[in-house]
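One structure is given here, and the rest of the page talks about it.
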């Protein structure tokens with residue numbers, strides 16, 4: 004038991020102790036401090052990243068309603084298929100990593116199996132899924148396909164459970180797709196939604212309002228993805244996007260589009276047509292259409308048949324994929340664009356409204372001023388022709404407007420001078436954007452004051468130089484007739500949150516006073532005279548006070564640049580109603596009609612007239628007929644069958660109709676049948692065919708309808724009456740120069756004698 | 470009281486003789502044995518007077534009471550305590566009279582003979598063990614729940630280990646640590662005698678533990694041979710995990726023989742360093758003996774691919790040899806030898822060390838390859854970092870849900886930091902520092918070289934393991950598979966660690982701390 008410790012040993016022990024305890028503990032504690040305090044935040048984030056599973060709760064996109072609360076855009080459920088690439092890998096790897104080769108082999112087999120089957124079900128490329136699996140670190144959750152339907156989801160689920168695969172590996176996450184219940188209706192106004200959110204139209208402009216805030220459910224999970232016993236769960240609720248209430252009226256929009264469609268097909272409009280109905284007092288847009296547009300439910304489908312055909316032709320012509328793709332992109336860009344705000348056009352004679360208003364405001368002209376037109380005007384050596392080569396002779400201001408006389412307006416323009424013209428051009432808002440809440444508003448092209456010579460001034464005066472957007476025109480017309488206030492047009496009335504609270508409401512913005520109330524009143528009078536000229540132009544509707552101006556502009560720039568071999572035209576018509584106190588302004592622009600008709604009054608005015616005829620009553624503006632108009636009102640045919648001839652004739656006469664008897668008219672016989680049937684509306688003074696005696700269906704007489712197209716009103720009336728039918732006059736039948744352009748039923752068809760034949764008349768010139 | 474009391478002792482002794490029968494009734498069993506001893510040896514009382522003096526002289530003047538006041542049974546009322554104290558005081562006085570070469574003490578007296586254990590150390594050990602158990606129960610919760618459908622599964626096992634461990638600790642704390650270097654036969658005799666004493670059979674007194682001969686007949690060497698046998702057995706028939714064989718299951722107990730090997734190595738080294746102290750300056754056989762023992766341990770560890778154990782073993786041996794006055798030159802020579810051996814190993818088995826290179830790479834870039842080689846380290850750092858200064862609160866660890874691998878084993882410290890924050894982590898470090906401080910104090914103050922080096926070896930082993938483990942957890946050191954003493958899950962390891970702590974406590978009783 005010898006061996007006492009020497010002092011040296013004690014010192015050595017103390018040295019060992021010091022090294023181990025002091026040095027080691029400080030060294031270790033330093034690291035501990037670094038990681039647990041200095042790196043605390045980043046480590047906590049790391050920990051949360053791996054502990055928390057975040058389930059995104061997608062916020063519903065806001066709906067879009069028309070001004071009456073009818074749905075224009077809404078959401079319907081759909082599902083995203085998520086491939087949990089990391090899970091597929093993780094599940095095949097042993098934590099201990101005993102046999103990595105075997106694990107790798109298992110993983111590859113399972114990965115390929117899952118990816119192949121899912122790709123088959125979804126109809127996508129398997130390779131993308133395989134790559135996602137291998138990139139699992141970056142794409143733990145990989146969105147294999149977005150917005151699939153319920154059926155596909157069921158297939159995926161069946162596949163997973165059939166093969167006893169964990170549903171964590173591949174699952175469906177609820178999403179929604181944008182659905183437009185009215186299809187193409189107002190498509191160019193609404194736009195559509197793609198993967199990145201709203202594209203084009205309101206969907207794009209109001210994207211941040213429509214897009215809600217996605218919510219999330221954060222849960223803590225253990226490494227195997229199960230909930231932890233003492234885990235926590237945080238729910239951040241999704242905030243639904245705001246709903247939009249538009250100023251658009253679904254019904255009016257429908258009428259507008261329907262009639263645009265008719266005119267596009269009737270007049271073979273090559274470069275789309277557009278129409279705007281705007282509240283002249285508030286600037287609210289009630290309808291805004293572009294035809295042909297597209298279907299926002301399937302925006303990539305080329306809607307215009309001609310374009311579709313051209314594209315198909317390209318692939319037949321063995322064009323390269325690149326060229327076809329470029330062409331397709333171009334077509335898409337064009338069909339998605341809202342022509343009413345995004346495209347420029349030469350306004351033509353409609354612009355005369357502003358030249359006229361400016362000259363009146365500046366008192367350069369008055370209603371009594373007279374202008375001489377010889378059919379051609381010479382300005383600084385340039386000959387500018389009037390549309391009527393014969394010329395209009397001497398006319399006052401109203402007549403110059405009615406005849407849309409170019410030489411007269413050249414004179415007015417020159418009276419105004421460059422300074423004033425430019426001032427009013429600016430004042431009517433043609434040099435700035437209107438500020439409408441739609442994306443892609445185009446900047447107008449105009450000759451600035453510095454470049455404006457006498458020739459430019461002269462051609463600008465009748466609207467043949469500067470290029471503006473339809474919305475600028477409509478807004479400026481509002482200013483011309485509403486008392487001179489230039490408004491900011493708007494299309495979203497209010498933004499409403501999910502609970503119906505108004506988040507934002509649009510109010511009418513008056514940008515400036517352009518002309519005085521008196522000038523505006525004069526303009527209203529002139530415009531009404533234009534429509535009422537000569538018994539009613541093409542835009543005339545009996546019972547309504549309509550003002551308007553047509554325009555036909557030459558697309559001289561396209562012709563000069565060689566885009567088109569022949570000179571093409573833009574036919575426009577702008578109408579205000581009621582003319583004495585305008586509520587609504589409507590502008591129709593038909594770009595490049597190729598049917599042979601070119602005049603705005605012939606192409607665009609009937610659209611205005613047709614829309615107003617249907618729409619004004621809908622807008623609670625009821626016809627107020629003058630006495631003369633009342634005389635021409637249609638009447639309902641009374642029921643005369645069963646009465647004797649005298650009684651029957653008396654009843655018809657009382658209704659303002661004439662009787663034409665067929666068969667023996669004697670005291671004993673009674674009326675066996677009549678045509679038109681009781682209750683039918685027919686023009687006053689029409690003849691009702693009365694069949695006396697026993698009546699069978701075979702006894703009704705049949706006649707062939709004559710072709711009256713191209714005839715004047717009197718000629719057509721005569722032809723139809725002689726054929727045993729009644730004529731119902733439509734369109735500009737009041738005008739002596741009107742010609743029948745359309746009749747229904749079609750000529751040559753066999754109809755019962757007494758049938759009412761509707762005939763549309765049109766004044767095919769620039770008058771009005 | 471030592472000298473002053475001695476005068477009174479005779480009187481007490483005489484009185485006691487007559488009162489003896491009545492005193493046997495309520496006394497602790499040790500006292501009972503002593504009582505009888507007193508009676509039988511009463512006639513030779515005067516003869517032992519000098520022994521008393523001798524005994525007192527060998528003890529330091531500041532010696533505490535020879536008998537620990539807080540006997541295991543003394544937990545009754547105040548009067549009972551007083552009574553027992555008085556009784557045991559008297560009994561001890563008698564025993565000290567009897568303790569002489571002529572009439573050697575019994576093993577019972579031997580148990581009682583020495584000083585008090587180091588109370589701060591004992592408390593530290595208890596705190597560490599209980600704290601460890603609490604943390605372990607939290608850390609093992611998830612795995613136990615998911616794998617055994619019983620969240621208390623691991624903790625139950627650990628509690629068994631702990632109970633056995635405390636038993637072992639008490640046993641070794643009461644035992645003289647020289648039991649390891651006493652011939653085995655003598656040890657058995659002592660125990661036999663002890664048992665006989667307990668059942669009341671009288672026997673002739675035995676010698677105290679004595680080191681005889683070359684020590685090859687002592688427990689430590691048998692223990693070392695046994696440990697070596699297990700080590701080699703494990704190399705051959707151990708459980709293979711990722712190319713290493715560190716675990717073996719014998720008679721239903723799964724354990725790492727290297728744990729046993731470490732303590733047996735410490736015992737053998739301490740013995741050799743004392744026994745051959747004089748020949749330490751010779752290379753052979755003096756120094757070569759140490760190197761041989763060290764090499765045996767190191768090679769078996771390498772054969773198990775247990776490199777962390779090699780490091781521990783090396784540091785223990787160096788520390789013990791350094792403290793045991795082996796010259797620095799020899800230690801340097803040994804270092805050269807180790808380096809040469811290491812290079813040879815690298816050249817011979819380059820594929821075996823590839824993972825060491827990986828670990829070191831991972832040490833410098835803990836977030837470099839988080840899915841594979843630095844997975845453990847990065848998760849551990851996230852665990853520590855997410856605790857912050859004060860932690861998530863006890864039991865609130867999130868990382869234990871399968872994020873942190875080996876949450877109840879090698880990375881239990883990370884859980885401490887996640888749940889209790891930096892404060893908890895520093896507390897654990899300070900507990901180990903205090904444990905080490907007491908350990909070195911005991912080592913320094915030990916009455917003999919064997920005890921001193923034994924204490925040193927045990928302290929170095931436990932503290933080093935703790936720091937290695939903590940260092941790995943906070944990336945202060947490259948990743949090695951060393952568990953945290955008293956904290957990590959492992960019944961056998963905990964039992965052995967507590968037994969080692971018991972030996973340390975035993976040494977403390979003879980140490981001037």
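Chains as they are written, first to last, in my numbering: chain A, 4 to 771; chain B, 470 to 982. All residues carry an ideal CB built from backbone N, CA and C; glycine is no exception.
- [ ] Answer with yes or no whether the minimum CB distance from residue 796 of chain B to chain A is below 9 Å.
- [x] Here residue 796 of chain B is taken as the residue at index 327 of the second chain, counted from 1. No, residue 796 of chain B does not count as interfacial toward chain A.
TODO: Return no unless some Cβ of chain A is closer than 9 Å to the Cβ of residue 491 of chain B.
DONE: Working through the second chain from its first residue, we reach residue 491 of chain B at position 22. Any reading at residue 491 of chain B must be qualified, since the residue scores a pLDDT of 40, below 50, and its modelled position is unreliable; the value itself is stated next. Not one chain A Cβ lies under 9 Å of residue 491 of chain B.
Open item on the list: Report the CB separation of residue 707 of chain A from residue 753 of chain A in whole angstroms; it is logged as a contact under 8 Å.
Closed with: Position 704 of the first chain, counting from 1, holds the residue named residue 707 of chain A. Position 750 of the first chain, counting from 1, holds the residue named residue 753 of chain A. That belief holds up - the Cβ atoms of residue 707 of chain A and residue 753 of chain A are roughly 6 Å apart, short of 8 Å.
Task: For residue 651 of chain B, the three-state DSSP class (helix, strand or coil) - done: For the purposes of this step, residue 651 of chain B is taken as the residue at position 182 of the second chain. DSSP places residue 651 of chain B in coil when its eight states are reduced to three.
- [ ] Would you mind reading off the limits of the beta strand (DSSP E) that contains residue 173 of chain A?
- [x] Within the first chain, residue 173 of chain A is the residue found at index 170, counting from 1. It spans 173 to 182 - the beta strand (DSSP E) in which residue 173 of chain A sits, taken as one unbroken run.
Open item on the list: Going by C-alpha to C-alpha distance, which of B:829, B:886 and B:906 sits closest to residue 925 of chain B?
Closed with: As a first step, residue 925 of chain B must be located in the second chain, where it is residue number 456. When each option's Cα is compared against that of residue 925 of chain B, the closest is B:906.
Open item on the list: Is it buried or exposed, residue 954 of chain B, if we count other Cβ atoms within 10 angstroms and call 16 or more buried?
Closed with: For the purposes of this step, residue 954 of chain B is taken as the residue at position 485 of the second chain. That one is buried.
Open item on the list: For chain A, check one thing: does any of its Cβ atoms lie closer than 9 Å to the Cβ of residue 921 of chain B?
Closed with: Your numbering for residue 921 of chain B matches position 452 in the second chain. With 9 Å as the cut-off, residue 921 of chain B counts as an interface residue toward chain A.
Open item on the list: On the criterion of 16 or more Cβ atoms from any shown chain inside 10 Å, does residue 255 of chain A qualify as buried, or is it exposed?
Closed with: On the first chain, position 252 is the one that residue 255 of chain A refers to. So residue 255 of chain A counts as buried.
Open item on the list: Cβ closer than 8 Å: which chain C residues qualify as neighbours of residue 944 of chain B?
Closed with: Note that chain C does not occur in the displayed structure, where the protein chains are A and B.
Task: Residues near residue 601 of chain B by beta carbon distance below 6 Å, same chain, minus five either side - done: Taking the first residue of the second chain as 1, we reach residue 601 of chain B at position 132. Excluding residues within five positions, the ones whose Cβ falls inside 6 Å are 955 and 956.
TODO: For residue 164 of chain A, count neighbouring C-beta atoms within 10 Å of its own C-beta (all shown protein chains included) and say buried if the count is 16 or more, exposed if not.
DONE: The residue you call residue 164 of chain A lines up with position 161 of the first chain. Exposed is the call here.
TODO: Taking only the alpha-carbon atoms, compute the straight-line gap between residue 643 of chain A and residue 675 of chain A and give it to the nearest angstrom.
DONE: If you number the first chain from 1, residue 643 of chain A lands on position 640. If you number the first chain from 1, residue 675 of chain A lands on position 672. Rounded to the nearest angstrom, the two C-alpha atoms are 9 Å apart.
Task: Own chain, CB closer than 8 Å to residue 689 of chain B, minus 5 neighbours either side, in chain order - done: For the purposes of this step, residue 689 of chain B is taken as the residue at position 220 of the second chain. For residue 689 of chain B, where only same-chain residues beyond five positions count, the Cβ hits under 8 Å are 649, 650, 733, 736, 737 and 740.
Task: Under 8 Å from the C-beta of residue 918 of chain B: neighbouring residues of chain A - done: Along the second chain, one-based indexing puts residue 918 of chain B at 449. Going along chain A in sequence order, the residues near residue 918 of chain B (Cβ under 8 Å) are 6, 7, 8 and 12.
TODO: Give, in chain order, every unbroken run of the beta strand (DSSP E) that is at least 3 residues long and sits entirely within the segment 371 to 454 of chain A.
DONE: 373 to 376, 379 to 382, 385 to 388 and 396 to 399
TODO: Compare the Cα-Cα distances from residue 603 of chain A to each of A:627, A:766 and A:16 and report the closest residue.
DONE: The residue you call residue 603 of chain A lines up with position 600 of the first chain. The option with the nearest alpha carbon to residue 603 of chain A is A:766.
- [ ] Return the residues of the segment 156 to 189 of chain A that lie within a Cβ-Cβ distance of less than 9 Å from chain B, sorted by chain order.
- [x] none
Open item on the list: Let me confirm a value: residue 826 of chain B is counted as buried when at least 16 other C-beta atoms fall within 10 Å, else exposed. Which label applies?
Closed with: Here the question's residue 826 of chain B lines up with position 357 in the second chain. Under this definition residue 826 of chain B is an exposed residue.
Open item on the list: Could you tell me which whole alpha helix (DSSP H) segments of length 4 or greater appear in the segment 725 to 752 of chain B?
Closed with: 726 to 744
- [ ] Report the option in A:69, A:191 and A:699 whose CA atom is closest to the CA atom of residue 341 of chain A.
- [x] As a first step, residue 341 of chain A must be located in the first chain, where it is residue number 338. Cα-wise, what sits closest to residue 341 of chain A is A:191.
Task: Where residue 747 of chain A sits in the DSSP three-state scheme - done: Start at 1 with the first residue of the first chain, and residue 747 of chain A comes out as number 744. Three-state DSSP puts residue 747 of chain A in a strand.
TODO: Could you check how far apart the C-beta atoms of residue 76 of chain A and residue 136 of chain A are, in whole angstroms? I think they sit under 8 Å.
DONE: Translated into the one-based positions of the first chain, residue 76 of chain A becomes position 73. Translated into the one-based positions of the first chain, residue 136 of chain A becomes position 133. That pair is no contact at about 37 Å.
Task: Three-state secondary structure (DSSP) of residue 719 of chain B - done: To locate residue 719 of chain B, count along the second chain from 1; it is residue 250. Strand.
Open item on the list: Quick check for students: name the residue ranges of the alpha helix (DSSP H) that lie wholly in the segment 643 to 717 of chain A, counting only runs of 4 or more.
Closed with: 648 to 657
- [ ] For residue 369 of chain A, count neighbouring Cβ atoms within 10 angstroms of its own Cβ and tell me buried if that reaches 16, exposed if not.
- [x] Walking along the first chain from the start, residue 369 of chain A turns up at place 366. It counts as exposed.
TODO: Answer yes or no: does any C-beta atom of chain A fall closer than 9 Å to that of residue 936 of chain B?
DONE: On the second chain, residue 936 of chain B is found 467 positions in, with the first residue counted as 1. Yes, residue 936 of chain B counts as interfacial toward chain A.
TODO: Could you name the residues of the same chain whose beta carbon sits closer than 8 Å to that of residue 785 of chain B, not counting the 5 residues immediately before and after it, in chain order?
DONE: As a working mapping, residue 785 of chain B is identified with position 316 in the second chain. Counting only Cβ-Cβ distances below 8 Å, and skipping sequence neighbours, we find 731, 734, 735, 738, 926, 929, 930 and 933.
- [ ] Give a yes or no on whether the minimum CB-CB distance between residue 603 of chain B and chain A is below 9 Å.
- [x] For the purposes of this step, residue 603 of chain B is taken as the residue at position 134 of the second chain. Not closer than 9 Å to any Cβ of chain A, the Cβ of residue 603 of chain B fails to qualify, so no.
Open item on the list: Rounding to the nearest angstrom, what Cα-Cα distance links residue 502 of chain A and residue 866 of chain B in this structure?
Closed with: Walking along the first chain from the start, residue 502 of chain A turns up at place 499. Walking along the second chain from the start, residue 866 of chain B turns up at place 397. Cα to Cα, residue 502 of chain A sits roughly 42 Å from residue 866 of chain B.
Task: Per-residue contacts from residue 53 of chain A into chain B (C-beta, under 7 Å) - done: Stepping through the first chain from its first residue, residue 53 of chain A is reached at position 50. Per Cβ cutoff of 7 Å: 872.
Open item on the list: Quick check: the Cα distance between residue 304 of chain A and residue 514 of chain A, rounded to an integer number of angstroms?
Closed with: Taking the first residue of the first chain as position 1, residue 304 of chain A is located at position 301. Taking the first residue of the first chain as position 1, residue 514 of chain A is located at position 511. Their backbone Cα atoms lie some 40 Å apart in a straight line.
Open item on the list: Can you tell me whether residue 772 of chain A is helix, strand or coil according to DSSP?
Closed with: Absent from the structure is residue 772 of chain A, since the part of chain A shown begins at 4 and ends at 771.
Task: Cβ separation of residue 83 of chain A and residue 26 of chain A, assumed to be a contact under 8 Å, to the nearest whole Å - done: On the first chain, residue 83 of chain A is found 80 positions in, with the first residue counted as 1. On the first chain, residue 26 of chain A is found 23 positions in, with the first residue counted as 1. No, residue 83 of chain A and residue 26 of chain A are not in contact; Cβ-Cβ is about 57 Å, not under 8 Å.
- [ ] With a threshold of 8 Å, establish whether the CB of residue 480 of chain A neighbours any heavy atom of the ligand COA.
- [x] Among the ligands in the structure shown, none appear at all, so the ligand COA cannot be discussed.
Task: Inter-residue spacing [alpha-carbon to alpha-carbon] between residue 551 of chain A and residue 534 of chain A - done: Within the first chain, numbered from 1, the residue matching residue 551 of chain A stands at position 548. Within the first chain, numbered from 1, the residue matching residue 534 of chain A stands at position 531. Going from the Cα of residue 551 of chain A to the Cα of residue 534 of chain A covers about 6 Å.
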